[in-house]
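Once you know that position 163 of the sequence shown is 162 in numbering that gives the first Met the number 0, the rest is easy, because the numbers rise by one and skip nothing.
C-beta: ideal position from N, C-alpha, C; glycine also.
The next block holds one structure in the form of structure tokens; read it before the comments.
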Amino acid sequence: MKPRRKVQHSDCIIASPIGKLGLIVVNNKLAAIQFLPAKTPLLAAQNSAARQIVIKINKYFRNPKLQLKLFTQVKGTVLQQKIWNALQKIPCGKVVTYGELAQKIGTSPRVIGNACRRNPVPIVIPCHRVVAATGLGGYCGKVNKELLEIKKWLLWHEGYLNEN
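Listed below in structure tokens is the structure:
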């Protein structure tokens, strides 16, 4: 019988310009970013890998042109992985439409939207850089005010949107 590797799991909660972010680190890799309510208490990173991830995310918030490069441990279908890889190639300050990305990958805009919705590490895999042909579209698979404000802020931060 093969010995099981112990999974190191570290949760931390950080304050950011877009609100509280919950970070889940598994085996020293970022596995998830969650948008949390403002009242959620902060929780310090529990190990050096998590602390390094926090440092890099904070650097992104200070430098809008920083292309976040983090080791991630994300699970998805082969097509989702392909889409997430393509998302990471979109430069800061640029956007593509769901249709443009779908055409490039050879799938439908709806499949692109579903992959964005299932993206476990928004910001790092920058699904905010995918917009509808007619406007911003949704964010993280939803069209609600809070998430759209986050998407707008990220696009403004990266220089795509004006402050108005």
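Please return the same chain residues whose Cβ sits closer than 7 Å to the Cβ of residue i, not counting the five positions on each side in sequence.
i: K150; result: H127, L135 and Y138
i: P119; result: A30, A31 and V73
i: T39; result: I12 and K19
i: V130; result: V94, T96 and G136
i: Q79; result: A114 and R117
i: L50; result: Residue identity differs from the one stated: residue 50 is Arg in this sequence, not Leu. Answer for R50: A44, listed in chain order.
Among the options, which has the Cα closest to the Cα of residue i?
i: G140; options: Q33, T71 and A114; result: A114
i: V123; options: P36, F60 and C11; result: F60
i: F34; options: A44, P40, K19 and A85; result: K19
i: G75; options: V24, P121 and R117; result: R117
i: N57; options: S15, T71, V25 and N143; result: S15
i: T71; options: P121, V77, T106 and L78; result: P121
Quick check: what's the CA-CA separation for residue i versus residue j?
i: L154; j: V95; result: 12 Å
i: K55; j: L67; result: 7 Å
i: P36; j: G21; result: 10 Å
i: A132; j: G112; result: 13 Å
i: V110; j: P125; result: 16 Å
i: A43; j: V25; result: 16 Å
i: Q87; j: N161; result: 23 Å
i: V77; j: W83; result: 10 Å
i: I23; j: T106; result: 30 Å
Output needed for residue i: all residues of its chain with C-beta closer than 6 Å, excluding positions within five of it in sequence on either side, in chain order.
i: L146; result: Y138 and C139
i: I17; result: I149 and W152
i: N143; result: none
Cβ of residue i within 8 Å of Cβ of residue j?
i: Y97; j: P90; result: no
i: L41; j: I52; result: no
Where DSSP assigns a beta bridge to residue i, which residues make up the other side?
i: C11; result: L22
i: F34; result: L20
i: V73; result: None, per the DSSP bridge assignment.
i: L134; result: Note that residue 134 corresponds to Gly in the displayed sequence, not to Leu. G134 is bridged to A131.
i: V95; result: V129
i: K141; result: Y138
i: P121; result: I124
i: L29; result: V24 and T71
i: L42; result: I12
Between residue i and the rest of its own chain, which residues show a CB-CB distance below 8 Å, the 5 nearest in sequence each way excluded?
i: G92; result: P63, K64, E157, G158 and Y159
i: A85; result: L100, K103 and I104
i: K81; result: I104
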